[in-house]
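A.B. asks: For the sequence shown, UniProt numbering begins at 1 and goes up steadily by one.
Backbone N, C-alpha and C fix where the C-beta goes; we use that ideal spot for every residue, glycine too.
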Amino acid sequence: MFLCGQKKNRDLKDTEQLARAEWEAAGASGALRCVSQCVDLADPADYAAKTDEVLLQLAAQSYDRVFLVHNAGSLGQLAPVQECASSPAELAQYWELNVTSALWLNKRFLDVYGASRDELLAASPAAAGNKPQLVIVNITSLCGIEPFKTHMMYCSGKAAREMHHRVIATEQEAAGKVRVLQYSPGPMDTDMQKTIREGPRMDPDLRKQYQDMKAQGTLIPPAQSSQRGVKLAVSGEYETGAHVDYYDLDPPATK
1 MFLCGQKKNR DLKDTEQLAR AEWEAAGASG ALRCVSQCVD LADPADYAAK TDEVLLQLAA
61 QSYDRVFLVH NAGSLGQLAP VQECASSPAE LAQYWELNVT SALWLNKRFL DVYGASRDEL
121 LAASPAAAGN KPQLVIVNIT SLCGIEPFKT HMMYCSGKAA REMHHRVIAT EQEAAGKVRV
181 LQYSPGPMDT DMQKTIREGP RMDPDLRKQY QDMKAQGTLI PPAQSSQRGV KLAVSGEYET
241 GAHVDYYDLD PPATK
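(1) Please report how far the alpha carbon of A115 lies from the alpha carbon of H164, in whole angstroms.
(2) Using only the alpha-carbon positions, how far apart do R197 and C34 sit?
(3) Kindly list the residues whose CB is nearer than 7 Å to the CB of R166, restricted to its own chain and excluding five residues on each side of it in sequence; keep chain order.
(4) Roughly how many angstroms separate the alpha carbons of Y47 and C38, rounded to a whole number?
(5) Got a sec, what are the start and stop residues for the beta strand (DSSP E) H70 sits in?
(6) Beta-carbon within less than 8 Å of Y113's beta-carbon, same chain only, minus the 5 sequence neighbours each way: which residues are those?
(7) Could you work out which residue in S141, V81, D250 and A233 is closest to T150 when comparing CA atoms only?
(8) If you draw a straight line from the alpha carbon of residue 256 to that of Y154, how long is it in whole angstroms?
(9) What separation, rounded to the nearest whole angstrom, lies between the Cα atoms of L32 and A233?
(10) Quick one: what does DSSP say Q37 is sitting in, helix, strand or coil?
(11) Take R108 and list the residues in its own chain whose beta-carbon comes closer than 6 Å to its own, dropping the five residues that flank it on each side.
(12) Hey, A102 and H70: beta-carbon distance below 8 Å or not?
(13) Is R179 helix, strand or coil when you go by DSSP?
(14) Thinking C-beta only, is S226 closer than 8 Å to S184?
(15) Rounded to whole angstroms, what's the CA-CA distance from P251 to D118? Just pull it up for me.
(16) Can you tell which of G217, E173, D205 and P187 has its C-alpha closest to the C-alpha of L121?
(17) Rounded C-beta distance between D111 and G186? I'm assuming under 8 Å.
(18) When we look at the beta-carbon of M192 and count the other beta-carbons within 10 Å, is it buried (16 or more) or exposed?
(19) Could you check how far apart the C-beta atoms of I139 and L68 are, in whole angstroms? I think they sit under 8 Å.
(20) Taking all protein chains shown into account, decide if L181 is buried (16 or more other Cβ within 10 angstroms of its Cβ) or exposed.
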C-alpha cells in the first residue's frame, strides 16, 4: 500500500501512476494499492482527522507493506535570516506545514505499524533483518545537511525532518518492522526552482548558479528523479535512515 497526500488531485494521480509502474517493473509480489488524500498540512485539525480516517481504512485490510511518503513542503522566505519572518506566527505556520505535520503523521503510523517499546527491548539481533511493515520515505534536500545562504527557513525545516527520521530509523531498526528512506531528488526543473531563481533577496551567487543550470539544461526533469526515488524505495536497497541523493544513484560510468 502506497500512501500520499497533497492538495492537488492531478499531482496525486501522477504519483500513483509512477508508483504502480515501478512496482510492476520491480516484479514485486502482490498488488499495489494507492490511497490518495487531499489534506491541508498547515491545518492541524484537518491533517490529524484525515490521518485517523486513512488508518481506519487501512485497518479494514491486511497489507504486506505500507509506504508513507512525505513530499509536501514549501520554501518559506528566501532572504537573510533577519529578514525571513515578520512575526513568530509566520514561523509557526511554516513549521506546522513543513515539520510538525510530518512528525504527527509518523507518530500515528508508528502507533499502528511500528514496534512498541516492549517489542524493541525484547528484539533479538536477527529481528533487524525482518521484512518491514512500514516504509517511511522523507523527500529531503541537500539543504537539510548543508547551509545555503538566504535559505534559513527551508534549511531549518529540512534539517529538522532529517534528524526526526534518523531517530525513527535508529529506534526501530532493532525490530525490523520499519525502514526509513531519506531521498534528495536534486535540483529539479520545477515551479519551486523558478521561484528560487527569481527571488529578489536571493543570494546572488546561488541565483546565478541556478540560472546557469536552467540555461544549460542541466536541471533534473522531475519525472526522472521521481522514478529513481520510487525504484529505490520499492527495492529496499538503502541503509535505513541514510540520506541518499539523486546523483548517488548515477551509473558508475557517468559519475
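C.D. replies: On the basis of the supplied data:
(1) Straight-line Cα distance between these residues: approximately 17 Å.
(2) Distance from the CA of R197 to the CA of C34, rounded to the nearest whole angstrom, comes to 34 Å.
(3) These residues qualify, in order along the chain: G241.
(4) Roughly 9 Å separates the two Cα atoms.
(5) Per DSSP, the continuous beta strand (DSSP E) segment holding H70 begins and ends at V66 to H70.
(6) Counting only Cβ-Cβ distances below 8 Å, and skipping sequence neighbours, we find V66, Q133, L134, K177 and V178.
(7) Nearest option by C-alpha distance: V81.
(8) Residue 256 lies beyond the residue range present for the chain, which begins at 1 and ends at 255; the question has no answer from this structure.
(9) Computed Cα separation, rounded: 13 Å.
(10) Three-state result, Q37: strand.
(11) Only T51 meet the Cβ criterion.
(12) Yes, the pair counts as a contact, with Cβ atoms nearer than the cut-off.
(13) The answer is strand: DSSP assigns R179 an E or B state.
(14) At least 8 Å separates the beta-carbon of S184 from that of S226.
(15) Cα-Cα distance, rounded: 42 Å.
(16) For L121, the nearest C-alpha among the options comes from E173.
(17) About 33 Å separates the beta carbons of D111 and G186, which is beyond the 8 Å limit, so they are not a contact pair.
(18) M192 should be labelled exposed.
(19) Not confirmed; about 12 Å, so no contact.
(20) Buried is the call here.
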